[in-house]
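Position one of the sequence shown corresponds to residue 1 (full-length UniProt numbering), numbered consecutively onward.
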Amino acid sequence: MQPSANHTISVSRLSAVLAQWRAAAARGDAAAKQCSAWACVFGERSVNTPDNQRGQAILQYLLEAKEPVCNTAVLITEDVTLILHGAGVRVAAPLTKLEGHTIEVVEGVEAAQARATALLAGKTVGAPVNEFAIQEGPFASAFTELVRGAVPSESLLSAAPVLGELLFVKDDAALGCVEKAAGLCCAVFRRYARDCIANEMSKRDPKTLYDVRQMLYAKLERPNTIQALESLAVDDFSLVTGLPPCLFHKGTYNSQLNVDEDTLKAACNVPIHGDVVVVRFGVKNTGYTAFFGRTLLVVSAAPSNAKEAYQFAYDVSAKLMELLVPGARLSDVYAGAMQYATNQNSDLAVLLAKNFGFSTGLLVLEARGTISEKGTAIVADGMSFVIRVVLESVPSAGGKDTFDMELTDTVIIRGGVAELKTKVARKLAEVLYEDLDETAAATEVAQQVRRDLSKITRQGQSDTVMISREAQREQELRQLLSELHAEFVAAGGKKGTQTSTEEYRACDIGRLSLGELTPYKPEDRVPPPESKGGIFVQTDKKVVWLPVCGRAVPFHASTVNRVDVKTEGGKYTMTVTFHAMQEANVGYKLNPTKVFVKELGYSSSRDVFTDSAIAIQGIQQRIKNEDAARKRSLTSASNGRLTVTPNPLRLPTVKIRPPITNANRQNKGCVGNLELHANGLRFSFLGGTPIDMLFENIKHVIFQPAVKSIYVIYHVTLKKPIEINRKNVLEVQFVAEVMESSELASAARRSFEEEVQAEERDEMRIRQTNKQFITFAHAVEERSKIKTQLPTNQFSFDGVHARSMTMFKGNREVLWAITDTPAFTQSVDEVEVVSFERIIPGSATFDMSLILKDYNKPVITINSIPRDSLENIKDWCLSARLYYMETTVNPNWRATMKEIREDPDWDPWLRGDGWSVLNNVTNDEEEEEEDDDSDSDSTYYEDDDETSDSDDSSWLEDEESDPSSGSDESDESSAASWDELERRAAAKDRQRDFSDDDDYHPRKRQRAGAATPALPAAPATRPSKVPLNMAGRAGGGAVPPARRF
């Protein structure tokens, strides 16, 4: 019998589970402290097997499986983990060892009986005892008998809640599964559920709630039948068993998540009508759950206080996300949200459900992970939650009936904040519907009467306001600014990240400034007796004792810049110059407010300084060598060794860039094989030492297929450099040519059929090579849990970042240019803001600068980008949540960033005080923005932001904007033509000495030396906080004049 599955125990996940066990015991959890071992089992699976089992979740998580692993069991102690499996499952021990912990794998319960009995002897074992009774199959029965026989009943504890808590914190791969499930929830709602519900509500003879719910259920089972999701790989997605999709309107709502089918059918067997409609559903990705719920309001039919109630629920949900920070207890989060709700509206606060959500993942609805009074878990990075705000039985204004509301979202905790993963249709303006019945009736009447030609537009008879794509971008940009400012405030007002102190610790002066270098111990005699005679150099301590005002003062040799000894008029002088207020001085960077000594001078009638100067220089050379060694160890890749796998998966016949120059003559092109091993990649080639790259040192993996190119590229960006050609390299790529770049000239001419056959062979070679690379990339992603970055369709632009023009591609996570050398890759998460420069009417190109969140790192500039790429890049910025600015010149970023670093009150996202000044955004625009938002539901956008999300990548995103969406070409061409006409008119005016306001009369020339009339004083406004070197670029002459129409 062939094994049905192959699995390997994840060392990192096992280590995390053990750490969570120890953390729970340290917090005083009684069961975690009492248990010295854990036992879990999952037997055979059938249609009646219940989901959400702790033992099944523990095993699936440890084995990194995409679905529950049947006929497996695990025994975990502080020192040993024993995995038992049946004959139908193959489990392998990891090649990487876990320090201080042994991992053993045994096939069959009988074969492991002796080892398991010895392992459990004398221990208190925690287990999901109630789950033992529902396990199916002989394997689970044998394991249960083994545990009950080896452990006395009083030592076998029912500790299922603790086991559930061990899985609250997840690794990046598990969080990625939650994100994918949340992305599918948003895509289904945006592309099907919202329109389906609206269409049924507008019909005169609508279907019942239950029938519409069944239509939604069918689409959730087969999401690739939804328009624009046809290419979605659905094998890893499934519905959440036990938490069925639900659809309610006023009077039918049930807040219970696990409502049974019969109850649901009985309550919802009525025609759907538009008033207050609630829809909720959940989706799993490889077992990890995301949940989604929205309330839709039909304006004319909903109670008049429905908008107020929804806004209240929205505010409470936002407050919950603000309170979900690492270190907070869930019960405290619940109490804080309730206090906020009571302060906002005490009448609605009493109608809130007694539970604001729960931890999600492989397990849901765990009692310890609920955001309620009973929630005992501590929030930490790596957790994921379903935030669920429910208002039940809200009295209708002016009526006797009630209505209900629900707003449900999925968030993950990362980087100290709660990241919202279900962003679609949350705001009040996005869930409002016009009176669909009146709209349908009005349409019928309009078809019967004569059309009013004065109201006919290119969209038909409509009074809808038309705005351009650029105006839509401006609205999205203002909204993004508000969201970034809210996140900035929620994170405690911390400004851009600073360089890690690890870089400063690489040098002695940095360790000294951080207080980590103390040359003297408490028992040392200070000052030493030798210092009383004058200058004394203590070589072993790296300290120079210098007399200051009659007292010996110690100075560490790393603080000394140079020592000069001179003879002047029969006297010897020594000048000791220190590192003072200089940008290169690490001590000044860490202590900018301190006073620094610049230099000390000494003189003597005899030469008592030369020996001291030589000793100081010797210490400085030793410090320099030690600093260089520490820096090399800090910046170079770790010394971990590659664990070689027999017969690894290979990507054959690829070239490496940068090429290895010391390859022998038989391999001048340095062609070799890229191999996938247990914990990294290896490039082996003829005539040289293999090059290894460990997964732990890989930052990005980028796959760029051969589309209108002769190369297929598999690019690896490293966290720390490796040595190739005696140089440190961070960017390594493996390339295969899919066609010849040139053909040999021959006398024979090919026929048309031969030309067609040659093109077909080239296309076949391209498809096969692309498929070979993508298969290897998927295998690497599966083993390393590092996401393979794929370019977004139709997003690319040309620019210069190093030497010559090259093509840039990217997606919402990474921007790259890897076709030419040197390669360029930049993570979007590291970018704070984007600046478009030289945006001048009529110019053919512009520049783009990327300002990083680490203000100590230099600004990255991409030059000479074609002007027709600007709209596409703006859309990409909005989809990646990058705020962008436009200027007419190139700011002096070096001086600007210096001022920002020195400004303790710098707030990058405050309206009118941060980056927005370059876009002329002030606080006065807030009211205008609110007005625009209030009218947004009646505005028609020429470019629908819900166009196809088609992307070659294997993940789903939930942002509304798409960088591949087309811009308003007609508006752009019109703007270009007006600019051209204005430029020509201005040129003719200058030739004729005409001005714009003199009715075409010749302008009088000003006499030489005449005083220039003073400009009128500008009205007094609140001063904006902007660096001085940017102030002249933010307004005034930097802004081009308005166009004349």
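Think of the CB as a built atom: it goes at the ideal place given N, C-alpha and C, for glycine as much as any other residue. What you are looking at is a predicted structure, and each value in this text was computed from that prediction instead of being measured.
Across the structure, E487 and A92 are spaced so that their CA atoms are roughly 44 Å apart. Collapsing the DSSP output to three states places C186 in a helix.
Every unbroken stretch of the alpha helix (DSSP H) spanning 4 or more residues and falling wholly within the region 847-927 is given here in chain order: 870-879, 893-902. In its own chain, leaving out the 5 sequence neighbours on each side, no residue places its CB closer than 6 Å to the CB of S709.
A residue is called buried when at least 16 other Cβ atoms come within 10 angstroms of its Cβ; F683 meets this threshold and is buried. Sorting A267, F189, G672, A198 by C-alpha distance to the C-alpha of Y210 places A267 at the top. Going by beta carbons, K719 and K699 fall inside the 8 Å limit.
Burial state of C549 is exposed, judged by a 10 Å Cβ sphere holding fewer than 16 other Cβ atoms. Under the DSSP assignment, M201 falls in the alpha helix (DSSP H) whose first and last residues are 194-202. Around the C-beta of I614, fewer than 16 other C-beta atoms lie within 10 Å, and the residue is accordingly described as exposed. DSSP places L546 in the uninterrupted beta strand (DSSP E) bounded by 543-548.
Taken through DSSP and simplified to helix, strand or coil, P690 comes out as coil.
Annotation for R280: the continuous beta strand (DSSP E) segment containing it runs 276-285. Note on T788: 16 or more other CB atoms within 10 angstroms of its CB, so buried under the neighbour-count rule. Secondary structure of G640 (DSSP, three-state): coil. Selection E406, W876, F808, K66 evaluated against F312 yields E406 as nearest (Cα-Cα). Just measuring C-alpha positions, the residue of D762, L420, N770 sitting nearest L651 is N770. Under the three-state reduction of DSSP output, R294 falls in the strand class. Just so you know, the alpha carbons of V553 and P547 end up roughly 6 Å apart.
Setting aside the 5 residues that flank it on each side, D692 is surrounded in the same chain by L642, G680, R682, each with a C-beta closer than 7 Å to its C-beta; the list follows chain order. Contact between the region 322-340 and the region 193-204 is absent: fewer than 3 CB-CB pairs across the two stretches fall below 8 Å. Close CB contacts of V17 within its chain, under the 8 Å cut and outside five residues either way in sequence, are with I58, Y61, L62, I76, L166, L167 (chain order). Counting C-beta atoms within 10 angstroms of its own C-beta, S393 has fewer than 16 neighbours from the protein chains shown and is therefore classed as exposed. Straight across, the Cα-Cα distance linking K307 with L297 is about 8 Å.
Runs of the beta strand (DSSP E) lying entirely within the region 803-839, each at least 3 residues long, are 805-810, 814-817, 824-827, 831-837 in chain order.
Counted as a single uninterrupted DSSP element, the beta strand (DSSP E) harbouring F734 occupies residues 727-737.
M764 counts as exposed, since fewer than 16 other C-beta atoms from the protein chains shown sit within 10 angstroms of its C-beta.
In the three-state scheme derived from DSSP, where H, G and I count as helix and E and B as strand, V41 is classed as strand.
Between the region 132-141 and the region 14-34, the count of C-beta pairs closer than 8 Å stays below three; the two stretches do not touch. Annotation for S300: no beta strand (DSSP E) segment contains it, and DSSP assigns it neither H nor E.
Setting aside the 5 residues that flank it on each side, T370 is surrounded in the same chain by N355, F358, each with a C-beta closer than 6 Å to its C-beta; the list follows chain order. For Y217, the enclosing alpha helix (DSSP H) begins and ends at 209-221.
In this structure, L324 keeps its C-beta atom at 8 Å or more from the C-beta atom of V316. CA-CA distance, V411 to R222, rounds to 25 Å. With contacts defined as CB atoms closer than 8 Å, N6 and E44 fail to qualify as a contacting pair. The continuous alpha helix (DSSP H) containing P161 extends over residues 160-165.
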